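Worksheet for the structure shown next.
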Amino acid sequence: MQASIPSIPKDASAVILLRQNTDPADPEVFLVRRSEKLAFLGGFSAFPGGQLDASDAEVQVSNSTDAETAAAISCGARELFEELGVLVARGAESLTKGQRVSLLDDLESGRMSWPELIRHYNLRLDANDFTFVGRWVTPPFSARRFDTWFFLVNCPPKQEPKVIPGELSSGEWIPAGRAHKQWQRSEILAVPPTLHALKTIGDGLTPDLVKRFLAIPQTHREPVRSIEFRPNYICFPVRTPTKPPATHTNCYLIYNSREILLIDPGSPYEDEQQALAAAVDDLVREGRSVREIILTHMHPDHVGGVSSLLEHLGGGVKVAAHLFTAEPLGNTVRVDRLIEDGDVIELMGSTRIALRAMHTPGHARGHLCFYEERTGTLISGDNIVGLGSVLIDPPEGNMREYLASLGQMRALPNLTVIFGGHGPAIANPYAKLDEYISHRLEREVKILEAVREGAKTAKDIVARVYTDVSPKAHAMAERAVLAHLEKLEADGHVFNDQDGWRAL
Ligand SMILES: [Zn+2]
472 MQASIPSIPK
482 DASAVILLRQ
492 NTDPADPEVF
502 LVRRSEKLAF
512 LGGFSAFPGG
522 QLDASDAEVQ
532 VSNSTDAETA
542 AAISCGAREL
552 FEELGVLVAR
562 GAESLTKGQR
572 VSLLDDLESG
582 RMSWPELIRH
592 YNLRLDANDF
602 TFVGRWVTPP
612 FSARRFDTWF
622 FLVNCPPKQE
632 PKVIPGELSS
642 GEWIPAGRAH
652 KQWQRSEILA
662 VPPTLHALKT
672 IGDGLTPDLV
682 KRFLAIPQTH
692 REPVRSIEFR
702 PNYICFPVRT
712 PTKPPATHTN
722 CYLIYNSREI
732 LLIDPGSPYE
742 DEQQALAAAV
752 DDLVREGRSV
762 REIILTHMHP
772 DHVGGVSSLL
782 EHLGGGVKVA
792 AHLFTAEPLG
802 NTVRVDRLIE
812 DGDVIELMGS
822 TRIALRAMHT
832 PGHARGHLCF
842 YEERTGTLIS
852 GDNIVGLGSV
862 LIDPPEGNMR
872 EYLASLGQMR
882 ALPNLTVIFG
892 GHGPAIANPY
902 AKLDEYISHR
912 LEREVKILEA
922 VREGAKTAKD
932 IVARVYTDVS
942 PKAHAMAERA
952 VLAHLEKLEA
962 DGHVFNDQDG
972 WRAL
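Note that this note's numbering has the sequence shown beginning at 472, numbered continuously upward.
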């Protein structure tokens with residue numbers, strides 16, 4: 472299988488807005504919640520910001536050292552205005568609230584571009600109003616990647632940020648330290664740059680604030696490896712020969728004070744195996760031991776690094792999986808312990824982590840998901856992914872079982888996050904599950920329609936139904952159609968004879 476290439480990061484800016492006259496010992500920032508409808512990090516807590524527009528570079532920025540920084544500042548200022556209605560520009564202080572609203576309307580309606588608006592109203596962006604506090608690159612496990620400039624900005628007097636509905640669903644002034652504690656209590660989800668900012672500002676507005684921001688290599692574009700969307704759950708994407716557009720498989724390192732569970736070390740590549748081993752070693756060095764390696768299912772991109780990791784960890788560490796994962800793996804990966812539906816794996820140590828195994832076949836017969844009730848965390852393997860689509864490929868794949876498994880996940884009472892086998896965490900779990908279920912059911916209706924209209928083979932059906940899929944993907948689509956046909960047959964809607972598929 473050929474690995475695909477990660478996408479190139481797009482330039483972007485984010486603004487960390489500090490409240491006027493905030494307590495330097497306990498400073499307040501404006502934290503927003505991204506709309507659950509967004510494909511990228513929907514439901515996450517974040518700072519306002521977005522992608523660079525070509526015209527951002529046309530805006531003059533006083534006191535800027537170079538054109539690249541100027542464009543990033545202009546982008547940050549525009550995004551801040553568009554998303555929160557806060558205009559950080561010299562000259563804006565003489566505008567009334569009503570005038571600012573009408574400016575925003577000019578911009579949003581397209582009557583004026585951002586550079587035109589700045590010129591027309593005699594405004595001036597000044598680099599001194601935007602303190603650079605780092606540049607972060609989205610790791611390559613995401614299809615959408617950004618090279619994001621972060622700026623610290625004081626909220627201008629007499630301006631009050633207000634979330635303009637759209638990309639954001641809400642926002643609030645909150646002491647940075649308190650927001651960081653919310654993350655520690657698993658109440659919010661955030662990406663590493665947001666967490667770093669909350670922690671750094673939460674430690675106080677000291678003279679060395681910027682230095683503390685820039686003290687870690689990730690603020691200088693070094694990609695993050697260990698992503699802790701939620702405390703005690705490290706998502707560690709490793710490069711694998713997986714199904715495009717994914718390029719990586721997420722290994723999860725779940726830990727508390729004493730133990731570590733490792734889920735799906737999937738990379739067959741030595742450099743990636745070494746990086747993962749180093750991350751495990753970091754946790755071990757702090758006094759923990761590896762409890763077990765757990766496999767969600769048998770696909771090569773989820774088990775490819777097991778043997779190497781076992782070798783690195785030395786004797787004693789066991790591998791656990793479902794029987795229907797252990798069987799097909801045979802001698803390639805030795806499974807020492809079988810996990811059944813309902814089994815609970817509880818870590819010994821101070822933070823209570825008890826993962827309940829759910830046998831959820833469909834993508835693979837032995838597929839397991841793991842649910843942690845206290846925090847509402849679901850490790851979903853390849854049943855739900857943060858990137859790309861889930862292939863149901865018979866006979867290992869089974870659409871009827873898959874939909875039943877999705878229903879089982881949908882019925883969990885307290886879901887707050889889904890950690891999938893590929894791509895970023897999913898902070899809108901119920902919306903995502905509904906989308907998965909309705910997508911499959913809509914396809915099923917169309918496939919049944921096609922059969923009723925005379926399509927007899929999976930190939931015919933793909934040509935009629937998968938009009939939105941590139942011909943390159945048709946072979947894979949035929950496998951998915953077959954899975955749907957098998958379900959329709961089991962449900963008593965179609966049958967198959969020498970002439971092909973027909974409706975009942
Ligand atoms: Zn898989």
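By construction, the Cβ of each residue, glycine as well, lies at the ideal position given by its N, Cα and C atoms.
Keep in mind the model is a prediction, meaning the values are calculated, not measured.
Taking C-alpha atoms, which residue in the options lies nearest to residue i?
i, options, result
"Asp576", "Glu554, Asp814, Gly837, Ala560", "Glu554"
"Ile918", "Glu906, Lys903, Ala934", "Ala934"
"Ala835", "Phe795, Gly801, Val815, Arg823", "Phe795"
"Asp524", "Glu949, Phe515, Ala510, Ser484", "Ser484"
"Arg914", "Val936, Leu578, Ser697, Val790", "Val936"
"Trp644", "Val755, Ala929, Ala951, Glu499", "Glu499"
"Gly813", "Ala926, Arg823, Leu839", "Leu839"
"Leu551", "Arg571, Ser535, Pro900, Lys714", "Arg571"
"His910", "Lys943, Ala496, Val861", "Val861"
"Ile589", "Leu669, Glu529, His964, Trp654", "Glu529"
"Leu784", "Ala748, Arg759, Ser697", "Ala748"
"Gly787", "Ser760, Trp585, Gly776", "Ser760"
"Pro586", "Ala548, Thr567, Val557", "Ala548"
"Phe684", "Ile487, Lys789, Val916", "Ile487"
"Thr671", "Val604, Thr718, Thr609", "Val604"
"Asn802", "Ser821, Glu957, Arg950, Met769", "Met769"
"Ser565", "Leu660, Glu843, Thr938, Leu594", "Leu594"
"Val557", "Asp931, Leu574, Ala510, Val952", "Leu574"
"Glu741", "Glu782, Asp753, Arg762", "Glu782"
"Glu817", "Tyr901, Gly776, Ser728", "Ser728"
"Asp853", "Leu766, Gly675, Val777", "Leu766"
"Pro480", "Ala746, Phe700, Phe612, Thr567", "Phe612"
"Ala598", "Ile731, His667, Trp654, Gln531", "Gln531"
Give me whichever residues DSSP pairs with residue i in a beta bridge.
i, result
"Lys481", "Phe617"
"Tyr723", "Cys706, Ile734"
"Thr602", "Leu623"
"Val500", "Leu489, Ile645"
"Ile824", "None; Ile824 has no bridge partner."
"Trp607", "Thr619"
"Ala974", "Val965"
"Pro636", "Leu639"
"Thr908", "According to the sequence shown, residue 908 is Ile rather than Thr. Answer by DSSP bridge pairing: none, since Ile908 is not bridged."
"Glu757", "For Glu757, which the question treats as bridged, DSSP gives no partner whatsoever."
"Glu817", "Ala825"
"Arg505", "Leu639"
"Lys789", "Glu763"
"Ile897", "Ile889"
"Asp597", "Ser533"
"His691", "Arg606"
"His830", "Leu839"
Counting along the chain, where does the alpha helix (DSSP H) carrying residue i start and finish?
i, result
"Trp956", "In the sequence on display, residue 956 carries Leu and not Trp. Here the alpha helix (DSSP H) through Leu956 covers 945-961."
"Phe700", "Segment 698-701 is the beta strand (DSSP E) holding Phe700; no alpha helix (DSSP H) there."
"Gly878", "870-881"
"Thr796", "794-800"
"Val777", "777-784"
"Gly673", "663-673"
Identify the continuous beta strand (DSSP E) that holds residue i and give its terminal residues.
i, result
"Met769", "Here Met769 belongs to no beta strand (DSSP E), and DSSP marks it neither H nor E."
"Asp968", "965-968"
"Tyr842", "839-843"
"Leu849", "848-852"
"Ile687", "From DSSP, Ile687 is part of no beta strand (DSSP E); its letter is neither H nor E."
"Ile889", "888-891"
How do the segment 480-500 and the segment 625-645 stand: do at least 3 beta-carbon pairs fall below 8 angstroms, yes or no? yes
Practice item. Report yes or no: do three or more beta-carbon pairs, one from the segment 850-859 and one from the segment 884-904, lie closer than 8 angstroms? Key: yes
inquiry  = Across the segment 677-687 and the segment 861-878, are there enough close Cβ pairs to call them in contact, namely three or more that are closer than 8 angstroms?
reply    = no
Practice item. Determine contact between the segment 703-712 and the segment 688-695, defined as no fewer than three beta-carbon pairs at a distance below 8 angstroms. Key: no
Does the pairing of the segment 828-839 with the segment 875-883 give three or more beta-carbon distances under 8 angstroms?
-> yes
**Asked** At a cut of 8 angstroms, does the segment 722-734 reach the segment 612-621 through at least three beta carbon pairs?
**Response** no
Practice prompt. Would you check if the segment 799-814 and the segment 881-892 touch, i.e. whether three or more CB-CB distances between them fall below 8 angstroms?
Written response: no
| said: Closer than 8 angstroms is the cut-off here; do at least three beta carbon pairs connect the segment 505-517 with the segment 633-643? | reply: yes
Residue ranges of each alpha helix (DSSP H) run of no fewer than 4 residues wholly in the segment 517-584, ordered along the chain?
-> 538-555, 568-580
Does the segment 506-521 come close enough to the segment 534-542 to have 3 or more Cβ pairs within less than 8 angstroms?
no
Handout entry: Runs of alpha helix (DSSP H) wholly within the segment 912-949 (minimum 4 residues, chain order)
Key = 929-936
Any contact between the segment 646-659 and the segment 749-758? By contact I mean 3 or more CB pairs, one from each, below 8 angstroms. no
So, do the segment 921-932 and the segment 737-746 have three or more beta carbon pairs nearer to each other than 8 angstroms?
no
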